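Inspection log for the structure reproduced underneath, given as structure tokens.
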Amino acid sequence: MGMISGAIADWQITASSTYPATWQQGCSEGNARLYRPNGLAWCAKFKSSSEWLQIDLGVKAIVSG
């Protein structure tokens, strides 16, 4: 879907929560991608199964799989 290739831009990714940069560098939503060469990742602020990522595809769509 473009998360690995970069076809989906960082501005298209939002999250339910993110660690503040003052707590941990490199935990932004833009790092919620597989195979990051820098080893960074998205870090939810809370340890909860209700945390989520939202991807703006530019159109209404149902994504499954």
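Heads up: the sequence shown begins at 1 in full-length UniProt numbering, then just goes up one per residue. Where is the CB? At the ideal position from N, CA and C, for every residue including glycine. Everything numeric in this text was worked out from a predicted model, so none of it was measured.
Contact set for Gly-26: own chain, Cβ-Cβ below 6 Å, skip 5 residues either direction: Leu-40
Assigned exposure category for Ala-32 - 16 Cβ within 10 Å defines buried: buried
Sub-8 Å separation of Trp-42 and Thr-14 beta-carbons: no
Residues bridged to Gln-54 [DSSP beta-bridge criterion]: Thr-14
Nearest neighbour of Leu-57, chosen from Gln-24, Lys-45, Gln-12, Ser-49 [CA to CA]: Gln-12
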